[in-house]
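Student: Sharing a structure with you now.
Here you go:
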């Protein structure tokens, strides 16, 4: 049975909804075609959605696509309440969410396990990663590394990235994530901690890996676009755009989504580390 939101969480989400409503409502009061839309959600999806929004707006003068990175769950709820036109999620919709919402795969992303470049560990099995994040392995020497305690870096509860990690690594019936970890609110924040701590290990989107961290091979396979497309790398999740089910989105929303799924948008996503989305019909016709 799901617990009701804690008061602090409920107030936080209410604040997000109020802030988003300012953006989403300001261009809809004149009875004219919408010239501004808001896409809100996953901090993993945000940098990619921002790049595509910039490209889209250059091709559509006068249009404005406002991108807000507030987390997958908050973004989904923003679409449910009408505070956002489009949600961005790095996790699948829950059954109760899918009854009112439609999800569209914009790209596939590999979940990369990252460590500091000075760490001598190169490869871990999925079981070793699971045991590390469960707190059962607590020193790098237990997996062939230096004698040093492991610093766990996790995402916060409600994060789509964390949800994907729990599903793909920890497993449905596996151990819970250790509470002895540093919890961060975005992929960039996780990366920053790992960049500055030679003992740290974390997980982020492959698309934002940089030279200041190093990826770990999982069961001997590195997280690369080629390995994902060939089915060799197992830690893969979809990046989703979410809209209300049964109601045609505003034309600007439809045009932006069409751009993301089109050849130009998919080429742009591939150039920055994502894997093109499987071809699928969008749930409306222009």
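In my numbering, the protein residues as written are 229 to 514.
By construction, the Cβ of each residue, glycine as well, lies at the ideal position given by its N, Cα and C atoms.
(1) For the region 353 to 377, list the alpha helix (DSSP H) runs that are entirely contained and at least 4 residues long, ordered along the chain.
(2) Residue 371 and residue 410 - do their beta-carbons sit closer together than 9 angstroms?
(3) So the candidates are 327, 267 and 291; which of them puts its Cα closest to the Cα of residue 474?
(4) Within the continuous alpha helix (DSSP H) that includes residue 480, where are the two ends?
(5) Is the region 430 to 449 touching the region 333 to 346 in the sense that three or more CB pairs, one from each, lie closer than 8 angstroms?
(6) Hey, which unbroken runs of the alpha helix (DSSP H) at 4 residues or more fall wholly within the region 281 to 315?
(7) For residue 484 and residue 284, which I take to be in contact (beta-carbon distance under 8 angstroms), what is that distance rounded to the nearest angstrom?
(8) Under 9 angstroms between the Cβ atoms of residue 510 and residue 453?
(9) Does the region 441 to 455 come into contact with the region 296 to 307, if we say contact requires no fewer than three beta-carbon pairs (one atom in each stretch) closer than 8 angstroms?
(10) Once DSSP output is grouped into helix, strand and coil, what is the label at residue 250?
(11) Here's the rule: buried if 16 or more other CB atoms are within 10 angstroms of the residue's CB, otherwise exposed. What is residue 267?
(12) Using a Cβ-Cβ cutoff of less than 7 angstroms, which residues in the same chain neighbour residue 366 once the five nearest sequence positions on both sides are dropped?
(13) Distance check for residue 336 and residue 254, CA to CA, integer angstroms please.
(14) Tell me the rounded alpha-carbon separation between residue 505 and residue 441.
(15) When the distance is taken between beta carbons, is residue 315 closer than 9 angstroms to residue 297?
(16) Among 400, 350, 348 and 467, whose alpha-carbon lies nearest the alpha-carbon of residue 194?
(17) How big is the Cα-Cα spacing for residue 359 and residue 396?
(18) Considering only residues of the region 380 to 438, which uninterrupted beta strand (DSSP E) runs meet the minimum length of 3 residues and lie entirely inside it, listed in chain order?
(19) With a threshold of 7 angstroms on Cβ separation, who are the neighbours of residue 437 within its own chain once the five nearest residues in sequence on each side are excluded?
(20) Can you tell me whether residue 507 is buried or exposed? The criterion is at least 16 other CB atoms within 10 Å of its CB, across all chains shown.
Tutor: Concretely, from the data shown:
(1) With a minimum length of 4 residues, the continuous alpha helix (DSSP H) runs that stay inside the region 353 to 377 are 354 to 361.
(2) Cβ atoms of residue 410 and residue 371: not closer than 9 angstroms.
(3) Of the candidates 327, 267 and 291, the one whose C-alpha sits nearest the C-alpha of residue 474 is 327.
(4) Unbroken alpha helix (DSSP H) run through residue 480: 479 to 489.
(5) As far as the Cβ criterion goes, the region 333 to 346 touches the region 430 to 449, which means the pair count is three or higher.
(6) Runs of the alpha helix (DSSP H) spanning 4 or more residues and lying entirely within the region 281 to 315 occur at 300 to 309, in chain order.
(7) Distance from residue 484 to residue 284 at the Cβ level is roughly 6 angstroms; contact confirmed, criterion being Cβ atoms closer than 8 angstroms.
(8) Taking C-beta atoms as the reference points, residue 510 and residue 453 fail to come closer than 9 angstroms.
(9) As far as the Cβ criterion goes, the region 441 to 455 does not touch the region 296 to 307, which means the pair count is below three.
(10) Here residue 250 scores only 46 on pLDDT, less than 50, and its place in the model should not be relied on; the value that follows carries that caveat. Looking at residue 250 - three-state DSSP - the assignment turns out to be helix.
(11) Buried, by the Cβ-count rule.
(12) So the qualifying residues of the chain are 377 and 378.
(13) Legend: pLDDT at residue 254 = 45, less than 50; position of this residue unreliable, value from coordinates given subsequently. Using only the alpha carbons, I get a separation of about 33 angstroms.
(14) Spanning the two alpha carbons is a distance of roughly 27 angstroms.
(15) No, the pair does not count as a contact, with Cβ atoms beyond the cut-off.
(16) Any answer about residue 194 is impossible in this case: the structure gives the chain only from 229 up to 514.
(17) Roughly 13 angstroms separates the two Cα atoms.
(18) List check, beta strand (DSSP E) in window: 410 to 412 and 428 to 433.
(19) Annotation for residue 437: 340, 342 and 443 place their beta carbon closer than 7 angstroms to its own, counting only its chain and skipping 5 residues before and after.
(20) Answer is exposed; the Cβ neighbour count stays below 16.
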